[in-house]
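Chains as they are written, first to last, in the numbering used here: chain A, 3 to 440; chain B, -7 to 222.
Glycine is no exception: its CB is placed at the ideal position from the N, C-alpha and C atoms.
Remember, predicted model here, so these are calculated numbers, not experimental data.
A short write-up of the structure that comes next.
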Amino acid sequence: MKLFKSWLSFWVRFFFAAQMAWQGVTINPLRSGLTVLGVAIGVASVVSLMGIGEGARLAVIKQFESLGSNVIVIKAHDASAEFAPEEAEELVERVSGLKYASPVVNTNAVMRWRRARGQVEIIGVSADFPELRDHKLIAGRFFTKWHVEQRSPVAVLGYNIGAGLLGGRSPVGQTLTLNGQTYRIVGVLEKKGSGQAENIDDKIVIPYTTALKIAGKRTVDELWVKAESAKAADLAIAQLGRIYRRKLGLDVTAPKAVTGGGQQAPGVGAEYPEEPQPSPQPEEQPSLDLGKDIITITNLNTLVEEADKANRVMTLLLGGIAAVSLLVGGLGIMNIMLVAVTERTGEIGVRRALGAKKFDLLLQFLLEAFYLSGIGAAAGTAFGIWGVDIFNRYGFNAVISADAIKVAVFVALSCGLLFGVYPAWTASSVPPVEALRR
Amino acid sequence: MEILELKGISKEYRSGRGTVKALSDINLAVKKGEFVSIMGPSGSGKSTLLNIIGCLDRPTAGEYFLDGMKVDRLSDDKLAEIRNRYIGFVFQKFHLLQGLDALGNVELPLIYRGIGSAERKRRAKEALDAVGLSDRMRHRPSELSGGEQQRVAIARALAQEPLLILADEPTGSLDSNTGRTIMELFQKLNAERGITVVMVTHDRDMAGYGRRIVRLLDGRIKEEEFIVKM
Ligand SMILES: Nc1ncnc2c1ncn2[C@@H]1O[C@H](COP(=O)(O)OP(=O)(O)OP(=O)(O)O)[C@@H](O)[C@H]1O
Ligand SMILES: [Mg+2]
C-alpha cells in the first residue's frame, strides 16, 4: 500500500499537520509558555555556563601566551641552589634547540621622578628579554648586551609607568632615579593588559647586572630560556634535567647511592612532556622520593596544555550540570504532550474516523513537540547570550560560545523529538472507537 | 446490488470480568440506495454493529463485504482510507473539531484524502450549501446551534461524496422539531443523490423516515420490517 497518492497529497497533509500542531501550541498559551520556559532555561543555562567555562579557558590561554611561547622556566627554591647569572648564556650554548636566555632578578626600589617618589617593582633581565617573552616596544629601544655588560643605568618602562610619567608623551631620553642612582629611560614596552605577563605593565625593566646591585646579590633564583619550537622545548627540557641533576650532585647513574647516604640530598624536579623522551625515566625517581624539589624546570607549553585540559573538563562539567536542566525541560515537553494527547483523544478519534492515518497524527503531535522545543531553544539561546552579558557585567570573562549554542539547540530539538515520539505514538494508536466514545 | 453484506458477524469484548458478546451471528445485506433504521433496546449492540459497518472496529468473527471488497481483516491505515473514501459519519454528539470553523470541519476528510485547497474549498462550500448553511461557513461549532452543528456534520459527510452515510442516533441530542429537519435532510439526500443511509435510533418516528427497520435484541437481529409508503 502506498502511503501517499502524490506529492500534492503529501504536502496537503503535511501543511495541515503543521497547522494543527501550531493550533495545539497556541490553544493553551500559558501551558505552552511554561513548557517552552522549561526548555529555554535548560538551553540558557547550557549556553551561559559553558560560556563561563570557555571564557575561563580562553583567559588562562591568553595569560600563558602573554608569557611567551616555548619558554622554559628554571627555578631554584633554595638559596644554596641558585644560579650564576652567566649560566643563562651557557645554557644556550650547551643545550641544542635553545635560542634565547635570561636570568631574572625580581626586586624593589624607590623611584624618584621629578618631585614624586614611590616604591616600584624592578625586573632585571638580559638583552634577550623582548624576544624571549614576545614583548614589543612602543617607544625607544630595549637595552643591549653591551648595556648589560657595562652595568649601565638604563631602564625600559612597563606600559603603565611609561604612560604615566609624562601624561602619555614618550619619556624616552628622560631620567629617573632608582634607590638614588640616576637611570636613563631608553624604551617603553607595549601594553600587555592587567594580570598578563606577570604584570609587566607596572614594572621597570633594567639589566640584570644592575638589578643584582640593587638587590645586593650575586646569584639569581630564576632562569628563563626559549626554545626554537615546541618540539625543541620538549627535547631541551630533558637535557636541562640531566644538567641540573648532575650539578646538584645527583649522579644520574647511581641515584640510590646518594639518597641512601642519609644526607639531605638536593633533588631536581623536571616537568617532562607527556610523550616518553629518550631521557632515562627511572632516574627521575630520586627527585620524587625527596619531599621538596630544589630546582624545578617547567615547560610553560605543558602548563598551558594542562591548564587547558583542566579548563575543558570544567567547561564540560558546567555544561553537564546545565544539561540536566535541559533534560528536565525535555521531560516537561513529554509531560505536556501526554496531557495533550489524553485531552484530545476525542478529537483524535474524529480525525481517525474521517480518514487520518497513523502518519498524520504522528506528524501532528511530533511537530507540536518540535515547535515547543524549537521556540524553547530560540528563547533559551537569547536568554543565554543575555546571561553571558550579565555575568560579564559582574566580572566574569564569559564568552558566547558557538559550540555551546549548537550543542544546546541540537540537544533541545532532539529532546523535543525524542520526548515527543512516545506521546505522538500513543495518539496515533488510539483505536477510533475508543476515542469516539469520549 | 449489495453495497454492504455482513455474513455471520460476531463481536465479543473481552475484559477482566469475562467476555461480553455484543453481537452474535449477524447476517445483513443492504442494497445501494436503501435507507435502513436500526432499532433496539439499550445495550442490544446497535452502536457496535454500526461501528463494524463503518470500519471503525473489526468483528471477532464473520465476513464483511463493503461494495464487494472484503474489509473485515484490513490494517488500521487501510480502514482509515476506506472510511475516508466511502463512508460519511454523523454522530449523536456531532463530533466537530472545536478549533476549526464550519468550512474547516467540512474540509477535514478531503484534507486527509490529499485534495488541494481550491478544490477542497469548492466542494466544502457546495456541501454546506446543500444543508443550507452557506451563511455560517466562518462560524466555529461553539457559535452554532445543535441543529446547525449536526447539519455541518452532514455537510462534512456529503463533501466526501460517500457511498454510505452512517448515523448513530443523529437526532439524540436535538429537540424533535430540529430532529425532523435533520431526518428530512437525510431523506432528501437519499432520494436525490442515491446515498445509502444506515441509521441507529431509539425513536420510532425517526425510524419511520427509513424504508426498512432492523430490530436488534441481545446482539441478534430479532426482526426486519419494511415500511411501505403511500
Ligand atoms: N468497549 C467495550 N468493552 C466492553 N463491553 C462493551 C464495549 N462496548 C460495548 N460493550 C458492550 O456491548 C454491548 C452492546 O453495546 P452497544 O454500545 O453496541 O449498545 P447500544 O445498542 O448502542 O446501546 P445504546 O442504545 O445504549 O447506545 C453492551 O452490553 C456493552 O456493555
Ligand atoms: Mg449506542
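Cβ distance (whole Å) where residue i is taken to contact residue j below 8 Å
{"i": "residue 375 of chain A", "j": "residue 335 of chain A", "result": "6 Å"}
{"i": "residue 26 of chain A", "j": "residue 414 of chain A", "result": "So it is not a contact: roughly 19 Å between Cβ atoms."}
{"i": "residue 214 of chain A", "j": "residue 87 of chain A", "result": "7 Å"}
{"i": "residue 367 of chain A", "j": "residue 425 of chain A", "result": "6 Å"}
{"i": "residue 55 of chain B", "j": "residue 21 of chain B", "result": "Their Cβ separation, rounded to whole angstroms, is 12 Å, which puts residue 55 of chain B and residue 21 of chain B out of contact at 8 Å."}
{"i": "residue 230 of chain A", "j": "residue 101 of chain A", "result": "5 Å"}
{"i": "residue 3 of chain B", "j": "residue 52 of chain B", "result": "5 Å"}
{"i": "residue 365 of chain A", "j": "residue 16 of chain A", "result": "7 Å"}
{"i": "residue 205 of chain B", "j": "residue 154 of chain B", "result": "About 22 Å; that fails the 8 Å criterion."}
Rounded straight-line distance, which links the Cα of residue j to that of residue i
{"i": "residue 40 of chain A", "j": "residue 140 of chain A", "result": "53 Å"}
{"i": "residue 50 of chain B", "j": "residue 37 of chain B", "result": "14 Å"}
{"i": "residue 39 of chain B", "j": "residue 192 of chain B", "result": "7 Å"}
{"i": "residue 80 of chain A", "j": "residue 200 of chain A", "result": "22 Å"}
{"i": "residue 128 of chain A", "j": "residue 106 of chain A", "result": "8 Å"}
{"i": "residue 344 of chain A", "j": "residue 152 of chain B", "result": "28 Å"}
{"i": "residue 161 of chain B", "j": "residue 331 of chain A", "result": "45 Å"}
{"i": "residue 14 of chain B", "j": "residue 98 of chain B", "result": "32 Å"}
{"i": "residue 167 of chain A", "j": "residue 187 of chain A", "result": "11 Å"}
{"i": "residue 57 of chain A", "j": "residue 181 of chain A", "result": "42 Å"}
{"i": "residue 378 of chain A", "j": "residue 111 of chain B", "result": "37 Å"}
{"i": "residue 63 of chain B", "j": "residue 372 of chain A", "result": "36 Å"}
{"i": "residue 217 of chain B", "j": "residue 19 of chain B", "result": "15 Å"}
{"i": "residue 115 of chain A", "j": "residue 210 of chain A", "result": "22 Å"}
{"i": "residue 159 of chain A", "j": "residue 136 of chain A", "result": "15 Å"}
{"i": "residue 183 of chain B", "j": "residue 30 of chain A", "result": "45 Å"}
{"i": "residue 410 of chain A", "j": "residue 341 of chain A", "result": "26 Å"}
{"i": "residue -4 of chain B", "j": "residue 198 of chain B", "result": "22 Å"}
{"i": "residue 98 of chain A", "j": "residue 91 of chain A", "result": "13 Å"}
{"i": "residue 190 of chain B", "j": "residue 178 of chain B", "result": "10 Å"}
As assigned by DSSP and simplified to three states, the class of residue i
{"i": "residue 102 of chain B", "result": "helix"}
{"i": "residue 220 of chain B", "result": "coil"}
{"i": "residue 59 of chain A", "result": "helix"}
{"i": "residue 23 of chain B", "result": "strand"}
{"i": "residue 107 of chain B", "result": "coil"}
{"i": "residue 201 of chain B", "result": "coil"}
{"i": "residue -4 of chain B", "result": "strand"}
{"i": "residue 113 of chain B", "result": "helix"}
{"i": "residue 219 of chain A", "result": "coil"}
{"i": "residue 361 of chain A", "result": "helix"}
{"i": "residue 182 of chain B", "result": "helix"}
{"i": "residue 193 of chain A", "result": "coil"}
{"i": "residue 136 of chain B", "result": "coil"}
{"i": "residue 78 of chain A", "result": "strand"}
{"i": "residue 55 of chain B", "result": "strand"}
{"i": "residue 28 of chain B", "result": "strand"}
{"i": "residue 131 of chain A", "result": "helix"}
{"i": "residue 3 of chain A", "result": "At residue 3 of chain A, the pLDDT of 47 sits below 50, so the modelled position is not reliable and the matter cannot be decided from this model."}
{"i": "residue 19 of chain A", "result": "helix"}
{"i": "residue 425 of chain A", "result": "helix"}
{"i": "residue 63 of chain B", "result": "coil"}
{"i": "residue 389 of chain A", "result": "helix"}
{"i": "residue 342 of chain A", "result": "helix"}
One or two residues paired with residue i in a DSSP bridge
{"i": "residue 72 of chain A", "result": "In the DSSP output, where bridge partners are listed per residue, residue 72 of chain A has none listed."}
{"i": "residue 185 of chain A", "result": "A:178"}
{"i": "residue 159 of chain B", "result": "B:82 and B:191"}
{"i": "residue 121 of chain A", "result": "A:112"}
{"i": "residue 104 of chain A", "result": "A:226"}
{"i": "residue 18 of chain B", "result": "B:1"}
{"i": "residue 367 of chain A", "result": "Partner(s): none; residue 367 of chain A has no beta bridge."}
{"i": "residue 301 of chain A", "result": "A:74"}
{"i": "residue 13 of chain B", "result": "B:4"}
{"i": "residue 85 of chain A", "result": "A:222"}
{"i": "residue 250 of chain B", "result": "Because chain B spans -7 through 222 in this model, residue 250 of chain B falls outside it and cannot be assessed."}
With 9 Å as the limit, tell me which residues of the segment 377 to 389 of chain A have their beta carbon closer than that to any beta carbon of chain B; keep them in chain order. none
Identify each residue in the segment 86 to 104 of chain B for which the Cβ-Cβ distance to at least one residue of chain A is less than 7 Å, and report them in chain order. 87, 89, 91, 100, 101, 103 and 104
In the segment 343 to 364 of chain A, which residues sit with their C-beta less than 9 Å from some C-beta in chain B, listed in chain order? 348, 349, 351, 352, 353, 354, 355, 356, 357, 358, 359, 360, 361 and 362
What are the residues in the segment 156 to 170 of chain B lying within 8 Å of chain A by C-beta distance? none
Would you list, in chain order, the members of the segment 43 to 59 of chain B that have their beta-carbon closer than 7 Å to a beta-carbon of chain A? 43, 48 and 49
Select from the segment 58 to 75 of chain B all residues with a C-beta closer than 9 Å to any C-beta belonging to chain A, and list them in chain order. 67, 68, 69, 70, 71, 72, 73, 74 and 75
Between the segment 202 to 215 of chain B and chain A, which residues of the former have CB atoms less than 7 Å from a CB of the latter, in chain order? none
Taking Cβ-Cβ distances below 8 Å as the criterion, which residues of the segment 12 to 37 of chain A are in contact with chain B? 12, 14, 15, 18, 22, 25 and 29
Residues of the segment 103 to 127 of chain B with Cβ closer than 9 Å to any Cβ of chain A, in chain order: 103, 104, 105, 106, 107, 108, 109 and 112
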